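Here full-length UniProt numbering is used: the first residue of the sequence shown is 1, the next is one more, and so on.
Ideal Cβ positions, reconstructed from N, Cα and C, are used throughout, including at glycine.
Every value quoted in this text rests on a predicted model; they were computed, and no experiment measured them.
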Amino acid sequence: DQSWIVNLNRTRPARGGKPMGEWSWAVMGSNDYHQVSDFGKITGVGIPRRDDGVTRKAAPAPPPPSYNKGRKAGSVVVYHDFGDVDIPDRGKGTAKGYPLNIRGAKGMKVAFLARGTGGVNSAAFNMGDKRSGDNTTSLAYRTVGEQWGPILYFPDRFRYNSNMNTVSANVEYTNIRFHGNQTGGKGVLQLRDLIIYRGEDTTPPPAPQEKHL
Numbered sequence: 001d002q003s004w005i006v007n008l009n010r011t012r013p014a015r016g017g018k019p020m021g022e023w024s025w026a027v028m029g030s031n032d033y034h035q036v037s038d039f040g041k042i043t044g045v046g047i048p049r050r051d052d053g054v055t056r057k058a059a060p061a062p063p064p065p066s067y068n069k070g071r072k073a074g075s076v077v078v079y080h081d082f083g084d085v086d087i088p089d090r091g092k093g094t095a096k097g098y099p100l101n102i103r104g105a106k107g108m109k110v111a112f113l114a115r116g117t118g119g120v121n122s123a124a125f126n127m128g129d130k131r132s133g134d135n136t137t138s139l140a141y142r143t144v145g146e147q148w149g150p151i152l153y154f155p156d157r158f159r160y161n162s163n164m165n166t167v168s169a170n171v172e173y174t175n176i177r178f179h180g181n182q183t184g185g186k187g188v189l190q191l192r193d194l195i196i197y198r199g200e201d202t203t204p205p206p207a208p209q210e211k212h213l
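Following this line, the structure appears as structure tokens:
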């Protein structure tokens with residue numbers, strides 16, 4: 001129930017040696033605030049009326065989203081270095097997830113050394129995309145054996161779980177989750193130097209080291 005005076009304004013940037021220009025035109029016939037008949041009523045403006053006369057939005061606008069910018073490491077940008085990860089089958093397969101906050105699929109890679117024991121034969125995972133509300137998945141899961149082997153995935157070539165479309169370049173990764181390998185609680189997927197990065201890496205990974213428990 002507030003009344004508004006409305007003007008039309010135009011600003012022209014400086015160009016061609018001419019300075020910036022600013023113009024304003026009154027929409028109403030008068031700027032006399034006491035001339036009620038010359039006021040219009042604007043609807044659809046979400047500014048609440050308050051007893052103290054202060055008008056502001058009911059809630060502040062949310063801050064712009066922030067993303068993991070990673071760290072430069074040689075020719076690539078590293079977002080996460082999870083190190084060594086063992087994923088045992090606890091009755092629901094070799095399942096384990098990590099939260100992510102990475103924007104953009106271009107040039108993304110997930111690399112690690114892997115082996116499987118107790119019937120584990122794949123290193124499969126999904127990566128969640130906030131924008132689509134869908135998971136993204138590889139077209140071909142990498143297989144593993146009992147000997148260590150290098151694994152490299154290209155998430156920018158993944159597809160959405162709900163269809164066969166290639167992922168958008170503007171994905172917002174929220175998580176990575178390993179799954180699969182139903183071994184009845186016997187198997188373990190072992191990963192070494194699990195890393196998520198962007199770019200072309202020209203430095204080979206270190207040789208895996210045996211762990212003696």
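What would DSSP say about residue i, mapped onto helix, strand or coil?
i: ASP156; result: helix
i: TRP148; result: coil
i: ALA140; result: coil
i: GLU22; result: strand
i: TYR67; result: coil
i: THR203; result: coil
When the distance is taken between beta carbons, is residue j closer than 8 Å to residue i?
i: ASN121; j: ARG177; result: no
i: GLY107; j: ARG198; result: yes
i: HIS179; j: ALA124; result: yes
i: THR174; j: GLY128; result: yes
i: PRO208; j: LEU139; result: no
Residue i lies in the beta strand (DSSP E); which residues open and close that run?
i: VAL77; result: 76-88
i: GLU172; result: 172-179
i: GLN190; result: 188-199
i: ASN126; result: 122-129
i: ARG71; result: 71-73
i: VAL110; result: 108-117
i: ASN163; result: Segment: none, ASN163 is in no beta strand (DSSP E) and carries neither H nor E.
For residue i, which option in the options has the closest C-alpha, if you only look at C-alpha atoms?
i: ARG159; options: LEU152, GLU200, VAL167; result: VAL167
i: LEU100; options: PRO88, ALA114, LYS130; result: LYS130
i: PHE82; options: VAL144, GLY97, GLY185, ARG10; result: GLY97
i: ASN135; options: ASN163, LYS72, GLY91; result: ASN163
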